[in-house]
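To keep things clear, I will list the structure first and then write my remarks on it.
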Amino acid sequence: MEKVFARSKGLTDVPFSFCPGCTHGIIMRLIAEVLEELDIIEDTIGISPVGCAGFSQDFFSCDFIGAAHGRAQAVGIGAKRALPDKIVFTYQGDGDIAAIGTQHAIHAAARGEKITSIMVNNAIFGMTGGQMAPTSLEGMKTVTSPYGKDVSTTGYPIDMPTLVANLPGAVYVASVSVDSPKNIAQAKKAIKKAFKVQQAGLGFSLVSLLSTCPTNWNMSPSDSLKWLRENMMPVYKMGELKVTEEVESL
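Quick note on the working numbering: the sequence shown kicks off at 1011 and runs consecutively.
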């Protein structure tokens, strides 16, 4: 019998351990497929921080380095500068890259560091219990905002890709989603382009992916996808937010 679908070689045999309905697994598979298709698994170093994203080192078959909370890009930059021929990517949640790691993200983009950053945005701190994050939406109820996020005291949600896109050192920035087959296909294209940017040595690239957290959102998997579409997509600017002339030719 002909095999028409198989586990990507970019993944290990370790089963995903995420909550039911969590879309981390979809995103990781897309990255793994890209690494395999570009034939760069053996030449890639991933950087995992704290949080649900920290489990990524168990699932990818490329080399991995564990970083402290928010410091994935700092570690990734060190790895890339020490081993410039390697492909280096960070896999970070929004509570990591848009909170404690904000300064690293901004300055990595400002300097045009030649790494690729993947941001998984579910508008919440997932693994630590569902606390409010800088990406939480106005009025969003979380463990630490049970009456809804009050932007007058905690600020409006930070659209990290939009911020990064304004910096000259960022050459490719995209904001996509994995809520439907069509959007998953678009997300894979964005991830692939981000890695091609690094292969070409063009500068910093960031792909943000809107994701769900049914457990901490207190929703079913299907309801969480609907909530993402109705609430997150109108807030976060979607699409390819920055594509320089050099990237367009890739």
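Glycine included, C-beta positions come from ideal geometry on N, C-alpha and C.
Option nearest residue i by Cα separation, candidates the options
| i | options | result |
| --- | --- | --- |
| Asp1095 | Thr1163, Ile1125 and Arg1081 | Ile1125 |
| Thr1163 | Lys1247, Gly1149, Asp1169 and Val1153 | Gly1149 |
| Leu1173 | Thr1100, Thr1112, Arg1239 and Phe1070 | Thr1112 |
| Ala1063 | Lys1090, Lys1206, His1034 and Val1044 | His1034 |
| Lys1090 | Leu1219, Tyr1246 and Phe1214 | Phe1214 |
| Glu1258 | Pro1224, Lys1247 and Ala1210 | Ala1210 |
| Ala1119 | Val1098, Cys1029 and Gly1179 | Gly1179 |
| Ala1133 | Ala1115, Ile1116, Ala1109 and Gly1122 | Ala1109 |
| Gly980 | Val1024, Met1243, Val1014 and Thr1225 | The structure shown has nothing for residue 980, since the chain only spans 1011 to 1260. |
| Val1186 | Ser1127, Lys1159 and Tyr1246 | Tyr1246 |
| Thr1152 | Thr1145, Gly1140 and Asp1160 | Gly1140 |
| Thr1145 | Gly1165, Ser1127, Tyr1157 and Thr1154 | Gly1165 |
| Met1142 | Ser1127, Ile1128 and Lys1159 | Lys1159 |
| Leu1048 | Asp1023, Val1253, Ile1128 and Val1207 | Val1207 |
| Pro1244 | Leu1260, Val1253, Ile1075 and Pro1167 | Pro1167 |
| Ser1058 | Ser1027, Val1098 and Leu1093 | Val1098 |
| Ser1027 | Gln1067, Ala1016, Val1014 and Ala1197 | Gln1067 |
| Ile1051 | Val1014, Leu1021 and Leu1220 | Leu1021 |
Supposed close pair residue i, residue j - CB separation, criterion 8 Å
| i | j | result |
| --- | --- | --- |
| Ala1082 | Asp1106 | 7 Å |
| Glu1256 | Leu1216 | Going by Cβ atoms, the distance from Glu1256 to Leu1216 rounds to 16 Å, so no, they are not a contact pair. |
| Leu1188 | Ile1036 | A small fix is needed here, since residue 1188 is Val in this sequence, not Leu. The Cβ separation is near 5 Å, so the contact holds. |
| Val1183 | Leu1251 | 5 Å |
| Asn1228 | Leu1147 | That pair is no contact at about 15 Å. |
| Val1222 | Gly1031 | Correcting the residue type first, residue 1222 is Thr in the shown sequence and not Val. Right, the Cβ-Cβ distance comes to about 6 Å (below 8 Å), so this counts as a contact. |
| Gly1056 | Phe1070 | 5 Å |
| Met1170 | Ala1115 | 7 Å |
| Val1044 | Lys1198 | 7 Å |
As assigned by DSSP and simplified to three states, the class of residue i
| i | result |
| --- | --- |
| Thr1100 | strand |
| Met1038 | helix |
| Phe1135 | strand |
| Phe1070 | strand |
| Ser1234 | helix |
| Lys1199 | helix |
| Gly1086 | helix |
| Ile1110 | helix |
| Thr1022 | coil |
| Leu1048 | coil |
| Phe1028 | coil |
| Gly1076 | strand |
| Phe1214 | strand |
| Thr1225 | helix |
| Val1245 | coil |
| Gly1056 | strand |
| Glu1250 | strand |
Inset, instruction - Say whether the region 1037-1049 touches the region 1199-1213, bearing in mind that this needs 3 or more beta-carbon pairs closer than 8 Å, one atom from each stretch. - result: A contact exists between the region 1037-1049 and the region 1199-1213.
Inset, instruction - Tell me, please, whether the region 1074-1081 touches the region 1228-1241 by the rule of three or more beta-carbon pairs shorter than 8 Å. - result: The region 1074-1081, when compared against the region 1228-1241, does not touch it at the 8 Å Cβ threshold.
Inset, instruction - Quick one: which unbroken beta strand (DSSP E) runs of 3-plus residues sit fully inside the region 1120-1197? Chain order, please. - result: You should have 1126-1131 and 1180-1187.
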